[in-house]
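Each residue of the sequence shown is one higher than the one before, counting from 2 in this note's numbering.
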Amino acid sequence: MPIDANNVPESFRWFVESRLGLFIHWGLYALPARHEWVKNFERIRNEDYQKYFDRFDPDLYDPKAWAKAAKAAGMRYFVITTKHHEGFCLFDSQLTDYKAPNTPCGRDLLRPMVEAFREEGLKVGFYHSLIDWHHPDYTVDRMHPLRDDAEARAANAQRDFKRYREYLHGQVRELLTNYGRVDYIWFDFSYPGPDGKGRDDWGSEELLKMCRELQPGILVNDRLDLDEQGGWDVKTPEQVMVREPLRHNGKPIVWETCQTFSGSWGYHRDEATWKTVDQLLYLLIDTVSKGGNLLLNVGPTARGEFDDRALSRLSAMGEWMRRHGRAIYGCGPAPAGFVAPDGCRLTYNPDLDRLYLHVLHWPIQDLHLDGFAGKVAYAQLLHDASEVAMATHGDTLTLRLPVIKPTVPIPVVELYR
Ligand code: GLC
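Here it is in structure tokens:
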């Protein structure tokens with residue numbers, strides 16, 4: 002059920018405490034290296050996509066290094082694509098031959114990854130695609146790579162989608178049985194309506210029931226087409242910055258935005274739209290200020306590495322998080338009556354009862370906080386704990402900031418109540 006942000010059950014507190022997670026999109030699409038939807042965009046048939054399966058050999062794969070990079074970035078959970086829309090499985094499923102152990106890679110890639118991330122203390126999330134453009138019984142529809150191929154559409158008559166549904170449920174059972182504690186299941190995605198697929202196609206009600214039976218307390222995202230049925234825990238807007246805290250039936254809810262460093266989820270060699278560190282931190286701060294989590298994605302290469310563009314950003318974010326973590330972890334929107342001035346965001350740590358003013362544009366000395374007078378006992382720059390002088394005029398609290406902007410990407414003033 003949608004989780005009330007003001008009344009988070011104990012079993013889900015780890016999620017809102019975490020605030021920052023790592024999404025990992027990894028599969029055969031890392032070889033073409035031009036988006037995880039390459040099979041769809043380029044209308045590639047299974048037989049023509051096979052060359053990637055035959056050459057998938059991530060010889061530099063080191064999940065311990067991945068886990069350490071995520072931990073150092075300040076990430077507290079991760080979500081891995083066990084299978085994406087292409088149908089290729091990173092794990093040793095007994096229900097298909099289309100899996101990593103049958104490629105030159107020769108092994109289950111999921112198990113060492115889960116072990117490595119658990120070793121670093123991160124919670125475990127499995128992304129699993131409801132969609133499967135490889136499975137012989139998955140019917141061609143408006144999302145399918147062969148959607149414009151009349152012959153492929155005609156062959157739907159020979160496909161038994163019920164058999165695919167059983168395969169889908171069987172693989173989710175394998176994932177939630179064979180890999181220990183799974184904290185978060187992240188299905189993707191439903192597209193009900195004409196020539197689409199939704200809850201009845203997936204058997205979503207039964208699938209959700211099975212997840213909760215196999216992994217009591219597991220967190221479930223919102224893409225099983227069970228919105229009206231309340232068959233979800235976390236709302237997952239993607240690639241957007243929401244305007245205000247998300248609500249359901251008038252109540253603030255727990256939510257998570259998933260985002261890429263660049264435009265592609267899978268490794269994309271030639272893409273240039275990489276967000277800067279400032280943009281990424283702003284994204285994180287803005288998200289938390291509105292009560293959400295940020296699930297930030299890396300697409301590893303087909304050699305099994307995070308590329309330098311990702312590693313440099315993760316490292317820079319970690320450096321900021323090392324000093325500013327208490328302005329993010331377990332934080333959420335400021336209490337009523339506290340409104341951030343232009344060019345700033347406010348987060349609030351209820352455990353510490355402190356406000357955090359994230360200064361996105363460094364002012365010339367004075368920063369005026371209307372309505373804060375008499376409500377702040379002490380102020381300091383968070384990164385070095387250096388005092389910030391305060392003055393009040395009426396109901397306005399004025400912070401006298403150093404003229405020179407501190408040498409951190411986004412300075413934060415810690416306001417003691
Ligand atoms: C979109 C993309 C899909 C990606 C997902 C992550 O649905 O199409 O490839 O896995 O976003 O949220």
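C-beta atoms are modelled at their ideal positions from N, C-alpha and C, and glycine is treated no differently.
Alpha carbon to alpha carbon, how far is residue j from residue i? Give it in angstroms, no decimals.
| i | j | result |
| --- | --- | --- |
| Ala-68 | Asp-371 | 43 Å |
| Trp-256 | Trp-233 | 11 Å |
| Pro-351 | His-359 | 17 Å |
| Leu-295 | Phe-16 | 11 Å |
| Tyr-498 | Ser-316 | The chain is shown from 2 up to 418; residue 498 falls before or after that span and cannot be answered. |
| Ile-4 | Asp-58 | 41 Å |
| Asn-8 | Ser-290 | 17 Å |
| Asp-279 | Ser-313 | 13 Å |
| Leu-21 | Pro-217 | 23 Å |
| Val-413 | Leu-383 | 6 Å |
| Ser-191 | His-129 | 12 Å |
| Glu-206 | Gly-264 | 32 Å |
| Leu-169 | Pro-407 | 52 Å |
| Glu-48 | Arg-160 | 18 Å |
| Trp-134 | Tyr-165 | 11 Å |
| Ala-378 | His-369 | 16 Å |
Skipping 5 residues on each side, what residues in its chain have a beta carbon closer than 6 Å to that of residue i?
| i | result |
| --- | --- |
| Tyr-50 | Lys-40 |
| Leu-131 | Phe-188, Trp-203 |
| His-325 | Leu-383, Val-413 |
| Pro-246 | Pro-253, Lys-291, Gly-292, Pro-334 |
Excluding the five sequence neighbours on either side, which residues of its own chain have a C-beta within less than 7 Å of the C-beta of residue i, listed in chain order?
| i | result |
| --- | --- |
| Cys-345 | Leu-358, His-359, Val-360, Leu-361 |
| Thr-178 | Leu-215 |
| Asp-396 | Asp-371, Gly-372, Ala-374 |
| Arg-355 | Glu-415, Leu-416, Tyr-417, Arg-418 |
| Lys-198 | Asp-142, Ser-191, Tyr-192 |
Give me the residue from the options with the minimum Cα distance to residue i.
| i | options | result |
| --- | --- | --- |
| Tyr-268 | Glu-11, Ala-31, Val-404 | Ala-31 |
| Gly-28 | Ala-6, Glu-18, Asp-55 | Asp-55 |
| Arg-44 | Ser-94, Ile-219, Leu-147, Ile-81 | Leu-147 |
| Asp-109 | Thr-83, Asp-133, Ser-130, Gly-126 | Thr-83 |
| Asp-367 | Ala-390, Leu-356, Thr-348, Lys-376 | Ala-390 |
| Ala-155 | Glu-167, Asp-138, His-170 | Asp-138 |
| Asp-93 | Glu-388, Val-299, Pro-102 | Pro-102 |
| Leu-284 | Leu-297, Trp-38, Pro-334 | Leu-297 |
| Tyr-53 | Arg-35, Val-299, Ala-70 | Arg-35 |
| Ile-186 | Asp-150, Gly-319, Gln-172 | Gln-172 |
| Gly-194 | Arg-182, Met-144, Ala-380, Arg-166 | Met-144 |
| Gly-319 | Asp-223, Pro-410, Lys-210, Arg-418 | Pro-410 |
| Val-241 | Glu-120, Leu-402, Pro-253, Thr-261 | Thr-261 |
| Cys-106 | Glu-121, Cys-90, Phe-118 | Cys-90 |
| His-136 | Glu-167, Val-125, Arg-112 | Glu-167 |
| Thr-104 | Leu-402, His-26, Ala-117, Asp-60 | Asp-60 |
With a threshold of 8 Å on Cβ separation, who are the neighbours of residue i within its own chain once the five nearest residues in sequence on each side are excluded?
| i | result |
| --- | --- |
| His-249 | Pro-3, Lys-236 |
| Val-404 | Ile-365, Gln-366 |
| Phe-162 | Asp-138, Tyr-139, Thr-140, Asp-202 |
| Tyr-349 | Cys-332, Gly-333, Pro-334, Ala-335, Pro-336, Phe-339, Arg-355, Leu-356, Tyr-357 |
| Leu-347 | Ser-290, Pro-334, Ala-335, Phe-339, Val-340, Ala-341, Leu-356, Tyr-357, Leu-358, His-359 |
Should residue i be listed as close to the ligand SAH, given that the test is whether its C-beta is under 7 Å from any heavy atom?
| i | result |
| --- | --- |
| Arg-418 | Ligands displayed in this structure: the ligand GLC; the ligand SAH is not among them. |
Determine the extent of the beta strand (DSSP E) in which residue i is found, giving its start and end residues.
| i | result |
| --- | --- |
| Phe-127 | 124–130 |
| Asp-371 | 367–371 |
| Ala-392 | 390–394 |
Could you spell out the range, first to last residue, of the alpha helix (DSSP H) harbouring residue i?
| i | result |
| --- | --- |
| Phe-42 | 39–42 |
| Arg-314 | 309–325 |
| Cys-420 | The structure shown does not extend to residue 420, since the chain is modelled only from 2 through 418, so no value can be given for it. |
| Glu-116 | 111–120 |
| Phe-24 | It is not in any alpha helix (DSSP H) - Phe-24 instead sits in the beta strand (DSSP E) that spans 21–25. |
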